[in-house]
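So the structure is just underneath, and the comments pick up after that.
In my numbering, the protein residues as written are 617 to 838.
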């Protein structure tokens, strides 16, 4: 399977998603549309991963609109799509729903709670990395998958083929360090009130990886 990844900033890569891809023998291609302007075609995409970034799907940029055209085609072709943070917001925007300011800016580690999709056998609570101040509406026909204490809409699953998460399951310890050392000013104003040191000292729980793998397995299987 060819997995095409849309990466939107140098310090937010695929992390454990790449490990999952390697484990299953898939071929991963990483695109940087914010820098180079290139996107894969729908015909050469078996699965799409849309990562986070500092931009908003509400920004009036050509490449952001072109991403949504690609997402729209892949949805119509029933191909698996995984969206993280900005990526999840892009999926929601493509489906015609709103992305707005969240009631609280969340930057740092905090729990999310499973809301629906008990059939997936994923944990009822996960301690995950948040790095956002916007949130998405839950599209019609999608199941609310996760909520946090401060933001209700933290994740959704749709049509057995699409997952959108406002938070980050994919980072490994090295990835968290990369995010913090390059984007630490974004901590200012966070409702989680965590310092750089506190974030860097937080151990990534094993069940984050297990949950990530379960969800990727679920949407990628026919």
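Every residue gets a Cβ at the ideal spot worked out from N, C-alpha and C, and that includes glycine.
Whole-Å CB distance - residue i paired with residue j, under 8 Å assumed
i: residue 670; j: residue 706; result: In fact, because the Cβ distance is near 14 Å, the residues do not count as touching under 8 Å.
i: residue 726; j: residue 664; result: Contact flag wrong, Cβ pair sits at about 27 Å.
i: residue 668; j: residue 628; result: 5 Å
i: residue 754; j: residue 769; result: 5 Å
i: residue 746; j: residue 715; result: Going by Cβ atoms, the distance from residue 746 to residue 715 rounds to 16 Å, so no, they are not a contact pair.
i: residue 781; j: residue 730; result: Not quite, the Cβ-Cβ distance comes to about 12 Å (not below 8 Å), so this is no contact.
i: residue 717; j: residue 741; result: That belief does not hold up - the Cβ atoms of residue 717 and residue 741 are roughly 26 Å apart, past 8 Å.
Paired residues, beta bridge with residue i - DSSP
i: residue 618; result: 643
i: residue 772; result: 760 and 780
i: residue 666; result: 622 and 699
i: residue 752; result: 715
Burial state of residue i, where buried means 16 or more other Cβ atoms lie within 10 Å
i: residue 776; result: exposed
i: residue 801; result: exposed
i: residue 624; result: buried
i: residue 787; result: buried
i: residue 630; result: buried
i: residue 827; result: buried
i: residue 661; result: buried
i: residue 785; result: buried
i: residue 620; result: buried
i: residue 617; result: exposed
i: residue 692; result: exposed
Beta-carbon contacts of residue i that lie in its chain and below 6 Å, excluding the five residues immediately before and after
i: residue 696; result: 663, 777, 835 and 836
i: residue 805; result: 721
i: residue 771; result: 761, 762 and 781
Residues near residue i in its chain [Cβ-Cβ closer than 7 Å; skip 5 each side]
i: residue 789; result: 820
i: residue 719; result: 766 and 767
i: residue 689; result: 658
Neighbourhood of residue i by C-beta distance below 8 Å, restricted to the same chain and skipping five residues each side
i: residue 679; result: 649, 650, 653 and 655
i: residue 816; result: 792, 793 and 796
i: residue 683; result: 622, 649, 655, 666 and 706
i: residue 685; result: none
i: residue 687; result: 664, 666, 697, 706, 707 and 710
Ordered list of beta strand (DSSP E) runs contained in the stretch 675–749, each at least 3 residues:
697–700 and 715–730
Output the residue ranges of the alpha helix (DSSP H) runs that lie fully inside the stretch 777–828 and measure 4 residues or longer, sorted by chain position.
List check, alpha helix (DSSP H) in window: 789–799 and 812–817.
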